[in-house]
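Residue numbers (our numbering), protein chains in the order written: chain C, 544 to 827; chain B, 544 to 827.
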């Protein structure tokens, strides 16, 4: 799914909601546990009841890997069940030396046909670029995350040194920025607005206006509303582009809205609330 | 496997070699391709021929995930085949918000009984600590990696601000260090020398003496000798502790020493070379 197709879906559905299938086996309704693949049955019903309200589904690979081989089977079946009409994201936070990242790209873009994968930036350019080689696929790089640990490194000030030439004299300049700002600025040069998005946590609303100065047009995947407490209104006001430029993810607040037999209806009700609010923020 | 047991194995075998099972399906000898699970057959023969020469095996999860469900089956079988006498590392570079990292820890410490997992530090403390909750398991955090991209962020200077009290007056201090140094120093406080190691690439030998000043006793997992060009002699001279404190990994240079039917013997020959060299560096 390319940017134009994604934007079309957003304006057609009046929604930039992504639903996170963090389908924890211990939290799904107990009546499903007797089915052959409880997590897949859960996902299927959630997907059926929310397809028209969201433009993406995000599969948090950890919740599938924790079940081992069976979990990978569930993940493959779920991706296949969602189909091509949604942006299907592997929230996998991968990243390694070049030849290894190439294998991860193969895993999530070819073996399982996800549209997008989240990638961790720590190891730098050769750990990210293999993902960017695929046409019509998205690399979603961690920028500023929604968790308390974002303070430890992402929000540390770093020193950027550069050199200018003034009347034949080399002058060394030094400026400061947050690590996450340097990640956004540097990585923006590795891909384009057509194949690279950034993860910006909804709990970091104070930073959104500043972030849009660095990367004015890239799509952001924004987790952290719902269970983590970020404000949909605030991030939409501060970070929306003319073609939206936002995918806002809700996981637990939608999929675990009810633990009873009505869980799929309850998920729809929650998703509908988000969609209605998004409708009011999207340009007409 | 705890530190004491690991050190015992190192001095018993006179080896601190870890063999990386980056078992790329496209590089394994062609005569194996007709077996039911070629990568497992390959791994089995490599393991059989090198068990006595190494103290650890490192499974690069990317090379298994690229084969999907079948790859995860191969990974599970391989870990089970290695058994308890080696430190078995999931080279997975995982890390996410707390509840998600807990699922990754479950995946690699419980569902598949690895002894250790590599973890990426970008998201900070709550992304790392869930791995450190397991007794007799190891978290191996990325410090300074062996790849060219290490320059992009790991080697950037950051500003550390602190405050001291001098005769009742608060004085602000500011110092500079590399991001990777700050990661080592900060993360050392999250775990102990008994459950936390760091990845330090062999190609970064110039930094090793400095790194040992920051974390004098932690074990390092050192990739980057062999195909990536790091020097075993140099890192051993600069970073060995009285109880060794090093696990040096070789992947491609051992497992792909020959692409013919003698591949397991060729792997043994290469592993033996590393072991003999390590023997000469280890204290008696």
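Virtual Cβ for every residue (Gly too), placed ideally from N, Cα, C. Just so you know, these numbers come straight off a predicted model, no measurement behind them.
- Taking the alpha helix (DSSP H) that residue 696(B) falls in, what are its first and last residues? Run containing residue 696(B): none; DSSP gives neither H nor E here.
- Whole angstroms is fine: what's the gap from residue 811(C)'s alpha carbon to residue 609(C)'s? The straight-line gap from Cα to Cα measures roughly 27 angstroms.
- Task: Label residue 849(C) either buried or exposed according to how many other C-beta atoms from any shown protein chain fall within 10 Å of its C-beta, with 16 as the threshold for buried.
- Result: Because residue 849(C) is not part of the residues shown, which for chain C are 544 to 827, the question remains open.
- Query: Taking C-beta to C-beta, are residue 604(C) and residue 633(C) nearer than 7 angstroms?
  - Reply: Yes, the pair counts as a contact, with Cβ atoms nearer than the cut-off.
- Item | Residue-chain proximity (residue 798(C), chain B), Cβ-Cβ < 7 angstroms | Output row for residue 798(C): interface = no.
- Task: Would you mind stating whether residue 784(B) and residue 753(B) have Cβ atoms separated by less than 7 angstroms?
- Result: No.
- Query: In terms of DSSP beta bridges, what is residue 721(B) paired with?
  - Reply: According to DSSP, which records beta bridges pairwise, residue 721(B) is partnered with 700(B).
- If we cut at 7 angstroms on Cβ distances, does residue 724(B) have a partner in chain C? No, residue 724(B) does not count as interfacial toward chain C.
- Item | residue 817(C) classed as buried or exposed, judged by whether at least 16 other C-beta atoms fall within 10 angstroms | It counts as buried.
- Task: Report whether the distance from the Cβ of residue 765(B) to the nearest heavy atom of the ligand FMN is below 6 angstroms.
- Result: Looking for the ligand FMN in the displayed structure turns up nothing, as the structure carries no ligands at all.
- Query: For a contact meaning CB atoms closer than 8 angstroms, what does residue 690(B) contact in chain C?
  - Reply: Listed by position along chain C, the residues whose Cβ is nearer than 8 angstroms to that of residue 690(B) are 640, 641, 666, 667, 669 and 670.
- Min CB distance residue 702(B) to chain C below 7 angstroms: Yes - at least one Cβ of chain C is within 7 angstroms of the one on residue 702(B).
- Run the CB neighbour count on residue 804(C), radius 10 Å, all protein chains shown included, and call it buried at 16 or more, exposed below. Classification for residue 804(C): exposed.
- Top-ranked residue by Cα proximity to residue 768(B), from 628(B), 821(B) and 627(B): Each of 628(B), 821(B) and 627(B) was checked against the Cα of residue 768(B), and the nearest Cα belongs to 821(B).
- Would DSSP call residue 679(B) helix, strand or coil? Here residue 679(B) sits in coil by DSSP.
- Note down, in chain order, each residue of its chain lying with its Cβ closer than 8 angstroms to the Cβ of residue 661(C), except the 5 sequence neighbours on either side. Only 632, 633, 634, 635, 636, 637, 683, 684, 685, 742 and 764 meet the Cβ criterion.
- Query: Under 7 angstroms between the Cβ atoms of residue 679(C) and residue 666(B)?
  - Reply: Their beta carbons are not under 7 angstroms apart, which means residue 679(C) does not touch residue 666(B) by this criterion.
- Item | Residues bridged to residue 784(C) (per DSSP) | Beta bridge pairing from DSSP links residue 784(C) with 787(C).
- Query: Can we say the segment 577–596 of chain B touches the segment 548–566 of chain B, given the rule of at least three CB pairs closer than 8 angstroms?
  - Reply: Verdict: yes, contact present.
- Query: Going by beta carbon distance, what residues of the same chain come within less than 7 angstroms of residue 724(B), once the five residues before and after it are set aside?
  - Reply: Contacts found: 757.
- Item | Short CB-CB distance (under 7 angstroms) between residue 654(B) and chain C | So, interface residue.
- Near-chain C residues of the segment 603–633 of chain B (beta-carbon distance less than 7 angstroms), N- to C-terminal order: Under the 7 angstroms Cβ criterion, the segment 603–633 of chain B contributes 603, 605, 606, 608, 609, 610, 611, 612, 615, 616 and 619.
- Query: Comparing alpha-carbon positions, which option in 701(B), 770(B), 740(B) and 611(B) lies nearest residue 675(B)?
  - Reply: Comparing Cα-Cα distances from residue 675(B) to each of 701(B), 770(B), 740(B) and 611(B), the minimum goes to 740(B).
- Message: Is there a C-beta anywhere in chain C that falls below 7 angstroms from the one on residue 802(B)?
- Response: By this cut-off, residue 802(B) is not an interface position.
- Item | Secondary structure of residue 665(C), DSSP reduced to three states | Coil.
- Message: Quick check for students: name the residue ranges of the alpha helix (DSSP H) that lie wholly in the segment 577–628 of chain C, counting only runs of 4 or more.
- Response: Counting only runs of at least 4 residues, the segment 577–628 of chain C fully encloses the following alpha helix (DSSP H) elements, listed from N- to C-terminal order: 581–593, 605–608 and 611–625.
- Examine the Cβ distances between the segment 551–565 of chain B and the segment 593–604 of chain B and report whether three or more of them are shorter than 8 angstroms. By the Cβ criterion, the segment 551–565 of chain B is in contact with the segment 593–604 of chain B, since at least three pairs of Cβ atoms, one from each stretch, lie closer than 8 angstroms.
- Within the 7 angstroms Cβ cut-off, does residue 663(B) reach chain C? So, interface residue.
- Task: Excluding the 5 residues preceding and the 5 following residue 798(B) in the sequence, name in chain order all residues of the same chain whose CB lies nearer than 6 angstroms to its CB.
- Result: Excluding residues up to 5 positions away in sequence, 589 and 810 lie with their Cβ nearer than 6 angstroms to the Cβ of residue 798(B) in the same chain.
- Between residue 793(B) and chain C, is there a C-beta pair that is closer than 7 angstroms? At a cut-off of 7 angstroms between beta carbons, residue 793(B) makes no contact with chain C.
- Could you give the residue range of the alpha helix (DSSP H) that holds residue 555(C)? Residue 555(C) -> alpha helix (DSSP H) spans 546–556.
- Task: Tell me whether the beta-carbon of residue 713(C) lies closer than 7 angstroms to the beta-carbon of residue 706(C).
- Result: Residue 706(C) is positioned such that its CB atom lies closer than 7 angstroms to that of residue 713(C).
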